[in-house]
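S.K.: Residue numbers (the working numbering): 1350 to 1614. Ideal Cβ placement from N, Cα and C applies to all residues, glycine included. Before anything else, here's the structure in question.
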Amino acid sequence: MTPKEFNPLILVRDRLAQAVALGKGEDFSYAVPGLWVDPGGSPARRRVNPFQFYLQRIEEILHQPPAPLLRGPDGAWSRHAIVYNLLVRATTAFDHDGDGTLSLAPIGDGWQETGTFLKSIALLPILRAMGFNTVHLLPITAVGVDGHKGNLGSVYAIQNPYRLDDRLAEPALGLTPEEEFAAFVHAAHHLGMRVVVEFALRTASLDADWVAEHPEWFYWIRADIPDRAPGEVREDAYGAPLFTPEELAAIRAQVARGDRVNLPP
């Protein structure tokens, strides 16, 4: 098979089919929202064999004839885009084992309860039926660990813009996040949906790879400079920019005029 003929969605389908043939997932308590099974039915939890369920969703996509994508020169297609904004790790997050918590570690045979590319593939036919022809993905790159917010860290605290978040892949399949992402894109294109990926190049995590590789790209705060306390106006401390009442009035007037050229940083 040449690279031109390679279909990542078939790779995922075959991996699921192999697991089904081996009887995997039969004894595992795994449920999905009822609307994932039947968009017009009950939203109540439905117990499924995860390998069989996702295999069926992919086969349903592949059995449809390929749909045309929006076309147009120089991005003109976007004028006709009906966009669904998708945060992969959150949109398809679900308490699959029903224990009342969203596990951050894989459960069962290696299934994520946080959102993944595979679960997002299962959602695509529903989105297409709702009229969406474009999926806008919020950052899917590797998230930093040092000083991260919450349990998972912000998707804008990017550790490496060239590496995808490992959590977005299903360990049960034994595939890389890059392979599963490629399958997601192929499934979307097969359904006539464009995929727009957001790259946040202006933000990075504290432990971003670029900090060591290109320190000159970052703003650095001297450790010996104290933080400015609330209410203080000292300019030798670190804090938000300081403006006089006259400067603030001039800034507000300029913005009110719709003039956003040469505003103070």
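If I measure Cβ to Cβ from G1374 and keep anything under 6 Å in the same chain, skipping five residues before and after, which residues do I get?
M.R.: Closer than 6 Å at Cβ, skipping near neighbours: N1398, P1399 and F1400.
S.K.: Taking 8 Å as the limit between beta carbons, can you name the residues of its chain near V1494, skipping five residues before and five after?
M.R.: The residues are G1502, Q1508, S1554 and D1556.
S.K.: Which residues share a DSSP beta bridge with T1490?
M.R.: Bridge partners of T1490: L1513.
S.K.: Three or more C-beta pairs closer than 8 Å, one from the segment 1430-1441 and one from the segment 1481-1500: is that the case here?
M.R.: These segments touch.
S.K.: With three or more beta-carbon pairs closer than 8 Å as the criterion, would you say the segment 1585-1594 touches the segment 1518-1534?
M.R.: Too few Cβ pairs lie closer than 8 Å, so no.
S.K.: Kindly identify the DSSP beta-bridge partner or partners of N1434.
M.R.: For N1434, which the question treats as bridged, DSSP gives the partners H1485.
S.K.: Near V1545, what residues of its chain come up, given a Cβ to Cβ distance below 8 Å and the 5 sequence neighbours on each side ignored?
M.R.: V1432, T1483, V1484, H1485 and L1486.
S.K.: What is the residue span of the alpha helix (DSSP H) that V1544 lies within?
M.R.: Note, V1544: premise wrong, no alpha helix (DSSP H); beta strand (DSSP E) at R1543 to V1546.
S.K.: Measure the CB-CB distance between A1518 and E1529 and report whether it falls below 7 Å.
M.R.: Contact flag set, yes.
S.K.: Compare the C-alpha of A1478 against each of D1387, F1592, L1358 and R1364 and name the closest.
M.R.: Checking every option, the nearest Cα to that of A1478 belongs to D1387.
S.K.: I need the DSSP call for M1350, collapsed to helix, strand or coil.
M.R.: Any answer about M1350 is weak, because its pLDDT of 43 lies below 50 and its placement is not dependable; what the coordinates show is given next. Note: M1350 maps to coil in three-state DSSP.
S.K.: Classify Y1511 as buried or exposed, calling it buried when 16 or more other Cβ atoms lie within 10 Å of its own Cβ.
M.R.: When all chains shown are included, Y1511 counts as exposed.
S.K.: Within 10 angstroms of its Cβ, does L1473 collect 16 or more other Cβ (buried), or is it exposed?
M.R.: Buried, because 16 or more other Cβ atoms sit within 10 Å of the Cβ of L1473.
S.K.: Give a yes or no on whether the C-beta atoms belonging to T1441 and S1469 are separated by under 7 Å.
M.R.: Going by C-beta atoms, T1441 is nearer than 7 Å to S1469.
S.K.: Please report the Cβ distance between D1514 and V1492, rounded to the nearest whole angstrom; I am assuming they are in contact, meaning their Cβ atoms lie under 8 Å.
M.R.: Yes, they are in contact, since the Cβ atoms of D1514 and V1492 sit about 6 Å apart, within 8 Å.
S.K.: Determine the closest residue to T1450 out of E1462, R1606 and R1362, with distance taken between C-alpha atoms.
M.R.: Taking only the C-alpha atoms, the option nearest T1450 is E1462.
S.K.: Going by the beta-carbon positions, is the gap between R1406 and A1471 smaller than 7 Å?
M.R.: Contact flag set, yes.
S.K.: Return the first residue and the last residue of the beta strand (DSSP E) that R1395 is part of.
M.R.: Here the beta strand (DSSP E) through R1395 covers R1394 to R1396.
S.K.: Kindly provide the ranges of any alpha helix (DSSP H) runs that are 4 or more residues long and lie completely inside the segment 1529-1609, ordered along the chain.
M.R.: Qualifying alpha helix (DSSP H) stretches, in chain order: 1558-1562 and 1594-1605.
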